[in-house]
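For the sequence shown, position 297 matches number 297 in our numbering, and the numbering has no gaps at all.
Beta carbons: idealized from backbone N, C-alpha and C, even for Gly.
Here the structure is a predicted model, which is why all the values come from computation and not from measurement.
Please read the structure below before turning to the comments.
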Amino acid sequence: MPTNKQVESELPQTVSTVDWTRLAKLMLSSRAIDDKEENELVPNKDVLYQFSARGHELGQILLGLQLTNKHDAASAYYRSRPLMLSLGLSLEDAMAAPMGKSGGYSDGRDIGVVCNKPGLDGPTVLPMAGDVGSQYTPAIGWAQGIQYHLETLGEEEYQDAISVVLGGDGSVATNGFWSALTIATTQDLPILFYIEDNNYGISVPSHFQTPGGNIAKNLYSFKNIRIFDGDGTDPVETADLVDQSVNYVRDRKGPALIHLTMPRLNGHSYQDNQAYKPEDLLEEEQQNDPLQAVRSFLVPDTLSEADWSDLEEEADQEIEEASQAALSRPEPDTKETTRYAFAETNEDGTADLQLIGGLAPSGHSFPESSESPKPDKPRINIVEAIRKTLDYELETNPKLVVFGEDVGAKGGVHAATMGLQTAHGEDRVFDTSLSEEGIIGRAVGLAYSGLMPVAEIQFRKYADPATEQLNNCGTIRWRTANRFAAPIVVRMPGGFAKCGDPWHSLCNEVFFAHAVGWQLAMPCNAQDAVGLLRTAMRSNNPTIFFEHRNLLDAKYARKPYPGDEFVVPFGKAKKLQEGKDLTIVTWGAMCEQSEKAIDEMSVEADILDLRTLMPWDKEAVLESVRKTNRCLIVHEDTQTAGFGAEISAILSQEAFTFLDAPIERLTMPDIPVPYNVGLMDAVLPNVEKIQKKVETLVTF
């Protein structure tokens with residue numbers, strides 16, 4: 001390892017550009033925080049979860065000092081506190097967050113080392129997540145956002161900006177890593193992968209994560225990415241490699257990956273005693289402490305022994321003061337705990353906006369809208385309704401992008417995006433690799449960068465690999481106490497069609513009703529598809545837009561195009577038929593079945609199409625049931641814990657005394673949709689089954 005005895009001419013030129021005193025102070029501060037937590041705050045139960053960064057400080061701080069463009073962003077993980085300190089995180093916030101105190105980057109809502117930093121006056125740190133590997137694809141979205149702002153919107157200030165994603169050696173085995181790597185290298189994005197390798201994923205050695213244990217060596221043959229590999233405990237080598245890798249990406253030579261080895265000088269977390277490591281390895285790791293390597297490099301040529309001691313004392317004193325200040329902070333207000341699941345308004349009616357994410361923080365304005373349709377004469381199907389709505393919003397909103405598998409030249413497997421790429425360009429309507437994790441994670445990062453992403457998942461079942469990103473997207477606003485949000489639209493066909501099967505015919509809409517922070521729309525006709533999709537694309541919340549396969553070209557669903565201004569507010573049901581004998585509550589493809597059933601009977605029914613399940617129009621349902629005194633809930637999803645159970649629970653609680661008969665549900669049984677048409681018809685709710693339930697209710 002190079003030492004202080006080397007003559008200056010032997011050192012890389014990079015070394016002279018580093019503010020080594022500042023680096024040393026930041027390393028000492030990070031180490032002092034770990035010491036304070038491990039020796040006092042955790043034993044005293046002031047900190048409940050502790051993740052040390054001991055051994056990881058050098059490369060992270062050098063990296064942070066290189067992030068100087070105001071549009072730079074880092075997507076990091078729970079061992080990235082040194083990076084946060086280098087980017088300006090206050091010592092008090094760094095101490096208060098693990099204590100769960102008020103303020104900071106989550107107001108006590110998230111684990112203290114799961115950080116974020118809105119880049120209002122410098123680089124952004126994207127909201128971290130507690131699950132390993134989920135940081136990668138949002139960083140890809142930010143990188144593509146940089147490219148979009150520069151090349152499509154012509155914003156020159158993005159010229160040298162880069163995206164950086166940090167991960168440990170265990171994370172290179174995850175779907176997120178490989179999806180991000182594929183997108184970065186096929187799209188030539190300005191992103192740096194920073195991999196810190198301490199040789200253990202908790203207790204599992206790194207050779208379980210990648211063959212031979214070194215991801216860099218396995219990627220040398222990977223096209224369109226530059227690999228940097230070195231010792232993350234050596235101050236000179238680390239400084240040189242970090243500088244080279246950052247500037248490689250800044251100079252737009254392509255994506256890069258830097259792999260640095262270093263010891264993890266503590267367990268994975270405070271509770272981890274590292275008993276799985278041999279004693280000689282533990283001793284060797286302590287001898288490879290990068291803090292001591294920095295000290296040896298700087299003392300005595302750059303700093304004297306006294307200077308170093310002064311830095312240590314100063315760091316210890318500042319951490320002690322920060323700790324006391326953090327301990328003195330009030331506990332978070334319990335009355336605020338349920339706030340920010342969705343976008344909110346202030347008491348004066350103004351929007352309570354997030355700082356980062358989506359169109360709202362930039363003051364974006366939309367064309368005029370109206371809840372009154374202005375219909376054309378020809379009736380169109382849902383596919384054309386979606387296409388026309390996307391087309392208009394692309395034309396009037398330069399920050400809107402549409403993407404997914406096959407949405408470009410092919411125009412989508414259901415033809416909903418046909419012609420849009422030709423009309424608006426490949427930078428705005430584009431295909432993706434076959435990775436739903438990548439599609440949704442990329443959408444989140446694009447939203448962080450100030451765009452409105454409209455992503456397509458080809459079928460509802462195919463969203464399963466993206467579950468982690470979908471769940472994390474919905475909770476971003478809540479987790480960050482309204483500092484960040486990721487308003488995106490995810491278009492998702494599903495449900496039965498001419499036949500069924502377990503893969504293309506899944507509805508399972510209740511999953512998204514359960515998912516915190518998501519709006520859920522399920523139109524049953526072309527007019528509502530236009531209004532709901534336009535509302536979703538102008539919303540400040542993420543939205544699942546469910547397109548039922550059996551309705552895409554159904555005669556029942558055909559309606560005149562309602563005009564470019566038409567919107568449908570979320571949470572407002574539509575009464576399809578008026579009646580006095582009972583209420584039928586339904587949505588999606590079951591609207592058609594319910595209307596046909598009543599049309600063939602002498603019964604009069606209120607048929608309510610909820611149109612959106614999150615939020616849902618509780619008042620409209622209650623008003624109808626209080627009038628008719630009977631209720632049938634019809635949905636295609638399976639019965640147990642389906643959304644009909646939620647409606648039934650509300651009616652039992654708030655309309656019980658008005659009921660003249662038990663609340664009935666008609667649903668799929670708790671099985672997948674069968675492929676054989678006869679089997680499918682036997683289990684789906686249909687006209688005949690609805691009529692039998694209606695007869696039972698009205699004669700009760």
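Should residue i go down as buried or exposed, given a rule of 16 or more other Cβ atoms within 10 Å for buried?
i, result
"Arg442", "buried"
"Trp503", "exposed"
"Ala24", "buried"
"Thr3", "For Thr3, the predicted model reports a pLDDT of 47, less than 50, meaning its position is unreliable; a value from the coordinates is still stated below. Exposed is the call here."
"Glu313", "exposed"
"Lys5", "Low local confidence applies: a pLDDT of 44 at Lys5 is under 50, so the model's placement there is unreliable, and no value is given."
"Leu192", "buried"
"Ile671", "exposed"
"Val677", "exposed"
"Pro82", "buried"
"Thr17", "exposed"
"Leu532", "buried"
"Tyr252", "For the record, residue 252 in the displayed sequence is Arg; it is not Tyr. By the neighbour-count rule (16 or more Cβ atoms within 10 Å), Arg252 is not buried but exposed."
"Asp234", "buried"
"Val621", "buried"
"Lys117", "buried"
"His514", "exposed"
"Val516", "exposed"
"Val7", "In this prediction, Val7 has a pLDDT of 48, which is less than 50 and means its spatial position is unreliable; what the coordinates show is noted afterwards. So Val7 ends up on the exposed side."
"Ile649", "Residue identity check: residue 649 is Ala in the sequence provided, not Ile. It counts as exposed."
"Met1", "Note that Met1 scores 40 on pLDDT, short of 50, meaning its location in the model is unreliable; the coordinates nonetheless yield the value given after this. Classification of Met1: exposed, given that the 10 Å Cβ count is below 16."
"Asp376", "exposed"
"Gly774", "Residue 774 lies beyond the residue range present for the chain, which begins at 1 and ends at 700; the question has no answer from this structure."
"Tyr77", "buried"
"Leu120", "exposed"
"Gln286", "exposed"
"Arg387", "buried"
Could you tell me how far apart the beta carbons of residue i and residue j are, in whole angstroms, since I believe they sit closer than 8 Å?
i, j, result
"Gly588", "Cys499", "In fact, because the Cβ distance is near 18 Å, the residues do not count as touching under 8 Å."
"Ala447", "Gly404", "Contact doesn't hold; Cβ gap of about 15 Å is too wide."
"Arg329", "Ser102", "6 Å"
"Ser269", "Tyr105", "That pair is no contact at about 20 Å."
"Asn540", "Ala360", "5 Å"
"Val413", "Met27", "With a Cβ gap of about 53 Å, Val413 and Met27 do not count as contacting."
"Val703", "Asp637", "Summary: the structure shown does not reach residue 703, with the chain confined to residues 1 through 700, and so no result is reported for it."
Looking at the strands, I want to know which residues DSSP matches up with residue i.
i, result
"Lys559", "Ile380"
"Val165", "Ser75, Phe193"
"His207", "BP columns for His207 are empty, so no partner."
"Pro453", "Val401"
"Phe512", "Note: Phe512 sits in no beta bridge, so no partner."
"Thr124", "Ala73"
"Pro493", "Glu547"
"Val585", "Leu608, Ile633"
"Met99", "Per DSSP, none; premise fails for Met99."
"Ser370", "Phe566"
"Glu344", "Asp352"
"Asp229", "His259"
"Arg665", "Ile633"
"Tyr200", "Pro205"
So with Cβ pairs under 8 Å, would you call residue i a contact of chain B?
i, result
"Gly419", "The displayed structure is made up of one protein chain only, and chain B is not part of it."
Would residue i pass as a contact of residue j if the rule is Cβ separation under 8 Å?
i, j, result
"Ser80", "Leu65", "no"
"Thr628", "Lys580", "yes"
"Gly445", "Ile690", "no"
"Arg611", "Ile633", "no"
"Ser702", "Val165", "Because the chain is modelled from 1 through 700, residue 702 falls outside the range shown and cannot be assessed."
"His424", "Lys399", "no"
"Thr186", "Gly59", "no"
"Tyr675", "Asp564", "no"
"Thr137", "Gln469", "yes"
"Pro542", "Gln527", "no"
"Ser206", "Asp169", "yes"
"Asp553", "Thr586", "no"
Can you find a heavy atom of the ligand ZN that lies under 7 Å from the Cβ of residue i?
i, result
"Ala423", "Only the bare structure without any ligand can be found here, which leaves the ligand ZN out of the picture."
Is it the case that the segment 186–206 contacts the segment 250–257, given that we only count it when at least three CB pairs across the two stretches are under 8 Å? yes
Are the segment 352–360 and the segment 467–487 in contact at 8 Å, needing three or more beta carbon pairs? yes
Between the segment 378–385 and the segment 558–571, do at least 3 Cβ pairs fall closer than 8 Å? yes
Assess contact between the segment 537–557 and the segment 488–497, defined as three or more Cβ pairs (one per stretch) separated by less than 8 Å. Is contact present? yes
Would you be able to state if there are at least three C-beta pairs under 8 Å between the segment 262–280 and the segment 216–224? no
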